[in-house]
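Numbers 23 to 278, taken from the working numbering, label the letters of the sequence shown in order. Idealized CB from N, CA, C, for every residue including glycine. The structure displayed is predicted, hence computed values, not measured ones. All remarks here apply to the structure that follows.
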Amino acid sequence: MDKTVATAAEAVADIVDGSQIAVGGFGVVGVPEVLIDALRDSGAKDLEVISNNAGVDGRGLGKLLETRQISRIIASYVGENKEFARQYLSGELEVELTPQGTMAEKLRAGGAGIPAFYTVTGVGSQVAEGGIPWKYDDQGNVVKESPAKEVRTFSTFGEEKEYALEESLAPDFALVRAAKGDRAGNLVFNKSAQNFNPPAAKAGRITIAEVEELVEVGEIDPACVHVPGVYVTRVLPLTPEQAADKPIEKTTLKEA
Numbered sequence: 023m024d025k026t027v028a029t030a031a032e033a034v035a036d037i038v039d040g041s042q043i044a045v046g047g048f049g050v051v052g053v054p055e056v057l058i059d060a061l062r063d064s065g066a067k068d069l070e071v072i073s074n075n076a077g078v079d080g081r082g083l084g085k086l087l088e089t090r091q092i093s094r095i096i097a098s099y100v101g102e103n104k105e106f107a108r109q110y111l112s113g114e115l116e117v118e119l120t121p122q123g124t125m126a127e128k129l130r131a132g133g134a135g136i137p138a139f140y141t142v143t144g145v146g147s148q149v150a151e152g153g154i155p156w157k158y159d160d161q162g163n164v165v166k167e168s169p170a171k172e173v174r175t176f177s178t179f180g181e182e183k184e185y186a187l188e189e190s191l192a193p194d195f196a197l198v199r200a201a202k203g204d205r206a207g208n209l210v211f212n213k214s215a216q217n218f219n220p221p222a223a224k225a226g227r228i229t230i231a232e233v234e235e236l237v238e239v240g241e242i243d244p245a246c247v248h249v250p251g252v253y254v255t256r257v258l259p260l261t262p263e264q265a266a267d268k269p270i271e272k273t274t275l276k277e278a
C-alpha cells in the first residue's frame, strides 16, 4: 500500500476545528515543521495539542500560537516560548502541565490500547492532589485547575507505595517527522528525534509523517524500524530544502 501524499495541504486536509493532535519533537528537534505550516495555512482552529513543549517563538507550534489556532495544550515544558506564556497568563490558553515521563507513557499506553495506568510520579504533590492552574482569566484569577487523581497503595519491590492513576492519550491525529520512511509508512528517527515522535505516532488514530528521505518498501532493515507502517496513515516526502531546515535552538560558545 502506497501511503504517500503529494502535498502537505493534502496530508492535513481532514484536520478540523476542535481536533486533538499529538505533535512529535523536543524543543526544535524532530518537529514536523512542514505539516505544522500546512495546518496553520488550513485555518483549523480551537485545536487541542499534545506536545512535550510548545516550540519556540516563530518555530514549530509557536506558529499556531501566533495565529491563535490552539485553545488547549497538554505539555511538560513551556519555558522557551514567550507568546505561549503570554497567552497562558492572560487567560487565552488552557494548559495542562504533565510530567515529561508521564506524558510519554500516556501516549505509549494510548497506542497500546491501555486506557490508564498507575505511576508513582507526582504522588504527594499537586500533580496527584490537584490544584495546578489550567486556565486563568484576563485578571490573573485561576478559573480552572487540575482535578485530584485516584491514588492507590500497591506493594511493589518489597515495599508499599502510593501510585496515582493517569489516563492515557489517544488523539484524533498525530504529526511526526522521521529521518527515513518507506511508502508503506515504516519510519526511522534519527538520534534525539527519537523523543516524542514514536509514542505520538503510535497513539494517533490518524498518523501523518513527514519524512526527510523516502525509500521503497524493503529498503529499511526490519530490525531498524522504529515505528511500523501499521501505525501510519499518510507519508509526506520532503524536498531537500525542507529536509535541511534544522535550526539550532541555542548556540553555546566558549571563549577563544
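Around the C-beta of E182, are 16 or more other C-beta atoms found within 10 angstroms, so that it is buried, or is it exposed?
exposed
Tell whether a beta-carbon distance below 8 Å holds between G153 and S168.
yes
Member of N163, G162, L119, D159 whose CA lies at the smallest distance from the CA of A150:
L119
On a Cα-Cα basis, can you pick out the residue from E70, S112, T89, R81 that is closest to I96?
E70
Considering only DSSP beta bridges, list what Y99 is partnered with.
N75
Looking only at its chain, what residues have a beta carbon closer than 6 Å to the beta carbon of R130, apart from the 5 residues adjacent to it on each side?
P221
Name, in chain order, the residues that DSSP records as bridge partners for S177.
E182
Considering only DSSP beta bridges, list what V38 is partnered with.
Answer is none; V38 lacks a bridge partner.
With DSSP as the reference, label E241 as helix, strand or coil.
coil
Reducing DSSP to helix, strand and coil, say where E151 ends up.
helix
Which same chain residues end up closer than 7 Å to S41 when comparing Cβ atoms and leaving out the 5 residues on each side of it in sequence?
A66, L69, D194, F195
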